[in-house]
Amino acid sequence: MTASKQRPVIPFPSKDATAGSAADGRADAAEAASLVSRSQAGDVDAFETIYRQHAARIYTLACRMAGSPEDGEDLLQEIFLQAYRKLGSFKGDSSLGTWLYRLALNHCLDYVRSRRAKMSKLTETLDAETSYQPVARRDTPIAKLDLERALDRLPDGCREAFVLHDVEGFDHKEVGRLLGIAEGTSKSQVFKARAKLRALLR
Amino acid sequence: MHPNETAIHDYVDDALGAAERAEIDRHLASCDDCRALVADLREIRRVAGSLDLREPPVRAWGRIERAIRLENEHSAARESHLSGLLRSKAMWTWMAAAAVLVLAVAAGLRYTPRQAGQVTTGSAATTPGTAAGAGGNGDAQAVEAELRQAAEHYENAIKGLEQIANAEQGELDPRTAATLQKNLSVIDQAITESRAALRAEPTSAPAQQSLIDSFKTKMALLQDTVALINEMRKGNEAGAARIVSGLKPKG
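Protein chains in written order, with our numbering: chain A, 218 to 419; chain B, 224 to 474.
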């Protein structure tokens, strides 16, 4: 089995995954190359600079994919240890932020798959497509913090699909490829997540 | 009749053709509930796409840094060994064991508690917590076996760390050692209580989670202890102070 069959290539999300990251704005390619080179030579302070620039982005992704800050912290530590060991494979073809994001997403996906295999909780289909029963309208806008909290309460399966699609900006085809599910299943999981979030946020 | 769920979500995602979109538009013009639903779904999408970044806990870098430094030292010691410049056997053995144990956590000592019965067969999930019944006993046994296995992993790792920490505690000043001991006592008490709760209700997910969390806390504290001893041995006062500042008294 080839490596590409074992793990799908991480595409760019429709919304640039590293957009909004102050890290990429601050650290140009030359600075990133220098930090990587110094880190490889054993300069832990240089690697700490890389960590400081990108940790929030990676930690946020890990928390949302795992559904808990505790697991997100474990994943963050594993991802940066893995990044430290794999710095030699960073060739500068993409920005350091993109390289780290891909590595982090792969690690999070491995975690999600492993947990899914254990829990077997992913439901592959939505309930029968009956007429939709709307619930009462919200009176106030949704606060970001409330949505963050509600995200952690979503069931495994629909949470990851929602995070990848609605938060990270991947399209359903990409989400399906990343999670190893059909495109239609990605849609149904995202829809299920939104319906649950709506109920949680009422 | 309301449109089906998929059509509403596709409408929100701008994924409908012109005809289907016009049909939903016509329905929305006369249905307050569906207009409210569409508004809510759009709001969820909007907020989800503009969420703020979360800042990792301050301690996270310290743990990564210590694991990296131990790994580097492990590599350096190995190279030193190969070139004939071997450190003392005791130091090498201690360092290697510490590195392996610290990295064992990053390698993924993880256990996700679940209740018996939380197994999906096809699309029909059984109800959580239904340990009784034909399949229930099997599930309950499987959950207990998984937890037992996870607990053994933690206990082995903790035992190794404890051996190192106990053998080298003379390196620590008495006040720090006392704080560490007090914290360990509090965590051990939590482990004892979690075990008691599990004995009373073996398939309780909260009790399982509590036990695993207590193991994790104990491992983290022992890792900090080992890292602290390491910094003291190296004479790195700044590194030791950083670790001590993170050792808050518990209980």
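C-beta atoms are modelled at their ideal positions from N, C-alpha and C, and glycine is treated no differently.
With its beta carbon less than 7 Å from one in chain A, Val270 (chain B) belongs to the interface. Residue burial is scored here from C-beta neighbours: Pro279 (chain B) has at least 16 other C-beta atoms within 10 angstroms and is therefore classed as buried. Residues of chain B with a Cβ closer than 8 Å to the Cβ of Tyr268 (chain A) are, in chain order, Trp284 and Ile287. Cα atoms of Phe307 (chain A) and Leu313 (chain A): separation of roughly 8 Å, rounded to the nearest angstrom. The beta carbons of Ala246 (chain A) and Arg255 (chain A) sit about 15 Å from each other, so the pair does not count as a contact at 8 Å. The contact set of Pro429 (chain B) on chain A, defined by CB atoms closer than 8 Å, is empty, because the minimum CB distance reaches about 14 Å.
Judged by beta-carbon spacing, Leu298 (chain A) lies within the 7 Å limit of Ala290 (chain B), meaning their Cβ atoms are closer than that value.
Using a Cβ-Cβ cut-off of 7 Å, Leu292 (chain A) does not count as an interface residue toward chain B, since no Cβ of chain B sits closer than that to its own. Against chain B, the beta carbon of Pro358 (chain A) has neighbours under 7 Å at Glu266, listed in chain order. Residue burial is scored here from C-beta neighbours: Glu228 (chain B) has at least 16 other C-beta atoms within 10 angstroms and is therefore classed as buried. Using a Cβ-Cβ distance cut-off of 8 Å, the segment 260–276 of chain B and the segment 228–239 of chain B are in contact, since at least three pairs of beta carbons, one from each stretch, lie closer than that value. For Arg330 (chain A), not one C-beta of chain B is nearer than 7 Å to its own C-beta. By the Cβ-count criterion, Asn389 (chain B) is exposed, with fewer than 16 other Cβ atoms from all chains shown falling within 10 Å of its own Cβ. Using a Cβ-Cβ cut-off of 7 Å, Thr277 (chain A) counts as an interface residue toward chain B, since at least one Cβ of chain B sits closer than that to its own.
The residue among A:Leu418, A:Glu385 and A:Arg366 with its C-alpha nearest the C-alpha of Tyr318 (chain A) is A:Glu385. Judged by pairs of C-beta atoms under 8 Å, the segment 401–410 of chain A touches the segment 363–382 of chain A, as three or more such pairs exist. Our two residues, Val392 (chain A) and Ala378 (chain A), have alpha carbons roughly 6 Å apart in a direct line. No Cβ of chain B is located within less than 7 Å of the beta carbon of Arg376 (chain A).
Within chain A, the residues Val261, Phe264, Leu298 and Tyr301 have their CB atoms less than 8 Å from the CB of Ile291 (chain B), given in chain order. Put simply, the CB of Phe307 (chain A) is far from chain B, with every gap to its CB atoms at 7 Å or more. Taking a Cβ-Cβ threshold of 8 Å, the residues of chain B close to Phe408 (chain A) are Glu228, Thr229 and His232, in chain order. Each of B:Ile231, B:Ile247 and B:Asn406 was checked against the Cα of Asp447 (chain B), and the nearest Cα belongs to B:Asn406.
It is roughly 10 Å from the alpha-carbon of Val409 (chain B) to the alpha-carbon of Thr415 (chain B). Annotation for Phe387 (chain A): no alpha helix (DSSP H) segment contains it, and DSSP assigns it neither H nor E. Per DSSP, the unbroken alpha helix (DSSP H) holding Gly289 (chain A) starts and ends at Pro286 to Arg302. For Leu304 (chain A), the CB contacts under 7 Å within the same chain, skipping 5 residues up- and downstream, are Val253, Ser256 and Gln257 in chain order.
With respect to the 7 Å criterion, Ala250 (chain A) and Gly309 (chain A) are classified as neighbours on the basis of their beta carbons. By the beta-carbon neighbour count (other beta carbons within 10 angstroms, threshold 16), Thr277 (chain A) is buried.
Secondary structure at Pro397 (chain B): helix, using DSSP grouped into helix, strand and coil.
Cβ atoms of Ala463 (chain B) and Leu451 (chain B) come within 8 Å of each other, at about 6 Å. Residues are counted here when their Cβ sits less than 7 Å from a Cβ of chain A; for the segment 421–450 of chain B the count is zero. Under the 7 Å criterion on CB atoms, Asn295 (chain B) is classed as interfacial with respect to chain A. For Gly401 (chain A), the enclosing alpha helix (DSSP H) stretches over residues Glu400 to Leu417. Between Tyr268 (chain A) and Leu292 (chain A) the beta-carbon gap is near 14 Å, outside 8 Å, which marks them as no contact. Listed in chain order, the non-local C-beta contacts of Ala230 (chain B) below 8 Å within the same chain comprise Leu239, Glu243 and Ile247, local neighbours out to five positions each way being set aside. For Arg255 (chain A), the nearest beta carbon of chain B is not closer than 7 Å to its own beta carbon.
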